[in-house]
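Asks:
Protein chains in written order, with UniProt numbering: chain A, 1 to 357; chain B, 1 to 357.
#1: Can you say whether residue 348/B is buried or exposed, counting buried as having 16 or more other CB atoms within 10 angstroms of its CB?
#2: Output yes if chain B places a C-beta closer than 9 Å to the C-beta of residue 327/A; else output no.
#3: Quick one: what's got a C-beta closer than 6 Å to residue 106/B's C-beta in the same chain, skipping five residues either side?
#4: Identify whether residue 350/B lies in helix, strand or coil by the three-state DSSP scheme.
#5: Using DSSP's beta-bridge definition, name the partner residues of residue 18/A.
#6: Are any of the Cβ atoms in chain B nearer than 9 Å to that of residue 250/A?
#7: Name the chain B residues that come within less than 8 Å of residue 178/A, Cβ to Cβ?
#8: Return the chain-ordered list of same chain residues with a C-beta closer than 7 Å to the C-beta of residue 192/A, the five sequence neighbours on each side being excluded.
#9: Can you name, in chain order, every residue of its own chain whose Cβ lies under 6 Å from the Cβ of residue 188/A, other than the five neighbours on each side?
#10: Short of 7 Å in beta carbon distance, which residues of its chain neighbour residue 173/B, apart from the five on each side in sequence? Order them along the chain.
#11: Which chain B residues are close to residue 182/A, counting only those with a beta carbon under 9 Å from its beta carbon?
#12: Could you check where the beta strand (DSSP E) with residue 119/B kicks off and where it finishes?
#13: What are the boundary residues of the alpha helix (DSSP H) that residue 104/B is part of?
#14: Among the candidates 133/A, 10/A, 308/A and 21/A, whose CA atom is the shortest distance from the CA of residue 208/A?
#15: Do residue 198/A and residue 35/A have their CB atoms nearer than 9 Å?
#16: Comparing the C-beta of residue 203/A with each C-beta of chain B, is any distance below 9 Å?
#17: Going along the segment 294-310 of chain A in order, which residues come within less than 8 Å of chain B, judged by CB to CB distance?
#18: Could you tell me which chain A residues have their CB closer than 7 Å to the CB of residue 345/B, listed as they occur along the chain?
#19: Looking at the structure shown, is residue 157/A part of a helix, part of a strand, or coil, going by DSSP?
#20: Considering Cα atoms alone, identify which of 215/A, 201/A, 151/A and 153/A is closest to residue 10/A.
#21: Are the segment 83-99 of chain B and the segment 129-146 of chain B touching, with three or more C-beta to C-beta distances below 8 Å?
#22: In whole angstroms, what separates the C-alpha of residue 1/A from that of residue 48/A?
#23: Tell me whether the beta-carbon of residue 353/A lies closer than 9 Å to the beta-carbon of residue 316/A.
#24: State the CB to CB distance for the pair residue 334/B and residue 355/B, rounded to an integer number of angstroms; the pair is presumed to be in contact (CB under 8 Å).
#25: Three-state secondary structure (DSSP) at residue 188/B?
#26: Quick check: the Cα distance between residue 26/A and residue 205/A, rounded to an integer number of angstroms?
#27: Helix, strand or coil: which one does DSSP assign to residue 202/A?
#28: Sort out for me which residues DSSP pairs residue 28/B with in a bridge.
#29: Using only CA atoms, which one of 53/A, 294/A and 328/A lies nearest to residue 267/B?
#30: Is the CB of residue 18/B under 9 Å away from at least one CB in chain A?
#31: Could you round the C-beta distance between residue 248/A and residue 178/B to whole angstroms and report it? I think they count as a contact, below 8 Å.
#32: Name the chain B residues that come within less than 9 Å of residue 90/A, Cβ to Cβ?
#33: Of all the CB atoms in chain B, is at least one closer than 9 Å to the CB of residue 271/A?
#34: Could you work out which residues of chain B lie near residue 36/A, taking near to mean beta carbons separated by less than 9 Å?
#35: Quick one: Cα of residue 292/B to Cα of residue 269/A, how far?
#36: List the endpoints of the continuous beta strand (DSSP E) containing residue 92/B.
Following this line, the structure appears as structure tokens:
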């Protein structure tokens, strides 16, 4: 396929795309408004209006790989109907020659489609060395920092990433293997309002995205990260998921349904559990009466919520259960340690969560 | 190893077993009382008393395989401490020469240990032909019917099966592959009060059971069912689970934790959702006010509960979601079909579930 795409090769509008691919775009559009409405980012009325994203700027995080190239074009073709503006954001990781080529490709694509591009080159290897973390983590941090900075230039920004249903499958498996509770086991969220983040393709299978690009005669760059450091994910993708798929050819649908059920439950527990925030001493106190009013299923989640509100560090299930046990036995003074320097102490009147540092 | 065991080979009492194996027995005993208390079968006070199962008869379903042989012995060694009586129940499937040998082995083992045995020979192949179902299903039905019949001879019977933590892992994977909602995804229950069923070994890993039997110098029969019809399960056991275990050597713990969290949530939803039973016309009507008082997460579960109360047949997630959608849009008259000849119809005042037959 020619590279970069010639401006006159790309379909100009949604109407110029073959019908199945145009339907894909509309499905994605519907998913976006449903998810944004579900998360309270837009009203139900607005979601059903003719231009539901009027005034919004969708920042399409585009690496030049198939997923994010498809994302960029789908958002682009949806823009006239849905009322949003599309801009592309690209971070050149400055890691290999290919990363400059990727940047060049994204730039050419944006020119061809008439999409405004915000692009920056950052030495991720330097960042990783300075931050003493892996390349992947440093890259991720640099990307999202750049996206957030660019988003701040707009009044109603939404950062869109190309995560799709195959990523979701891997994510659920990763969470099952590492051990996630429920609803976290259901996989990554489609919307994270606090971060103005949206994953428009989360229930769309990857093969549909490459089919879409081919139908649009749009090339893409092979995503170098697919064969990159995260070995667990690659083994899950290349070995474990095909085995599961063999047992149930509709395994992808099964995972999407699980995800949908998890989203309902996430929303439920957010509704049911009280809001928590550290007081001026950086402590969170949960009163005995609050705990007594909850079922064990709610208490276990409230402990986690309190620990998360104190900062980073994943609590172990065993420690959460030990805390529940201590609370149940009313073991006053008993103190349970959690990662990130956090502790929970049983007091007469409830449980006090704090940072020991 | 000699077969059958000589009476004087088996340790006589818990005190005669090597310490690690005696601890295993005590762990199982604790798990049993916790689970029975959690399900409301015995009181919390009783669970903590010196003979918590006083007056109970534990019917150990024993095939002669390692899992159920270990179960039988563990229950036997725990009896003096916990106060229960142990009897063995064995169904000879009359399928192969081995099945008669299995029956003989169980009989010899029970004689050696001084355990009362209820044993019957049933032609499962005949049953399968008559019932037009698979051998496995016919065998399972015949076994549980025989267990229930034997249980009825006692005043406080508990049917105990040898399902262990490795079975639980397989079960969770099976449910993930086939598509189970939450909390069903967390795996089989340890107690099913309606069926007087208990799975004392559910969080005990299989290797601990064979180690236990070896330490007790007790032989067992190789379980023919392990290489039997259920191919999906065998592939999960032999291929998929080892791969997951490679990614996380503590995968077994992860699954046990998931199971524990699911148990808390199952209990929660049982508490929260209203009781449902068909009226004299065999219908279940859920009033609009009840539905409106519930979050979507609760409604989805209540639909399932109503359908289950009408009889066999697993509802598809997509149909449940279609029902929610119809209810949400207040589509009066709209009728959704479910497997097992069940329907749900949106009425002005709520939703009516019934059998169409």
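The beta carbon of each residue, even a glycine, is placed where N, CA and C say it ideally should be.
Replies: If we stick to the structure as given:
#1: Classification of residue 348/B: exposed, given that the 10 Å Cβ count is below 16.
#2: By this cut-off, residue 327/A is not an interface position.
#3: Same-chain partners within the cutoff: 62, 64 and 90.
#4: strand
#5: Paired residues: none, contrary to the question.
#6: yes
#7: 248 and 254
#8: none
#9: So the list reads 171, once near-sequence residues are dropped.
#10: For residue 173/B, where only same-chain residues beyond five positions count, the Cβ hits under 7 Å are 236, 240 and 241.
#11: Those within 9 Å of residue 182/A in chain B are 182, 183, 185, 186, 258, 261, 262 and 265.
#12: 116-121
#13: Per DSSP, residue 104/B belongs to the alpha helix (DSSP H) from 97-113.
#14: 21/A
#15: yes
#16: no
#17: 295, 296, 297, 298 and 300
#18: Here the premise fails: no neighbours, minimum Cβ distance about 23 Å.
#19: strand
#20: 215/A
#21: yes
#22: In this prediction, residue 1/A has a pLDDT of 42, which is less than 50 and means its spatial position is unreliable; what the coordinates show is noted afterwards. Roughly 39 Å between the two C-alpha positions.
#23: no
#24: Not quite, the Cβ-Cβ distance comes to about 18 Å (not below 8 Å), so this is no contact.
#25: coil
#26: 15 Å
#27: coil
#28: According to DSSP, which records beta bridges pairwise, residue 28/B is partnered with nothing at all.
#29: 294/A
#30: no
#31: Right, the Cβ-Cβ distance comes to about 6 Å (below 8 Å), so this counts as a contact.
#32: Chain B residues near residue 90/A: none, gap ~32 Å exceeds 9 Å.
#33: yes
#34: In chain order: nothing, as chain B lies at least about 17 Å away.
#35: 17 Å
#36: 85-92
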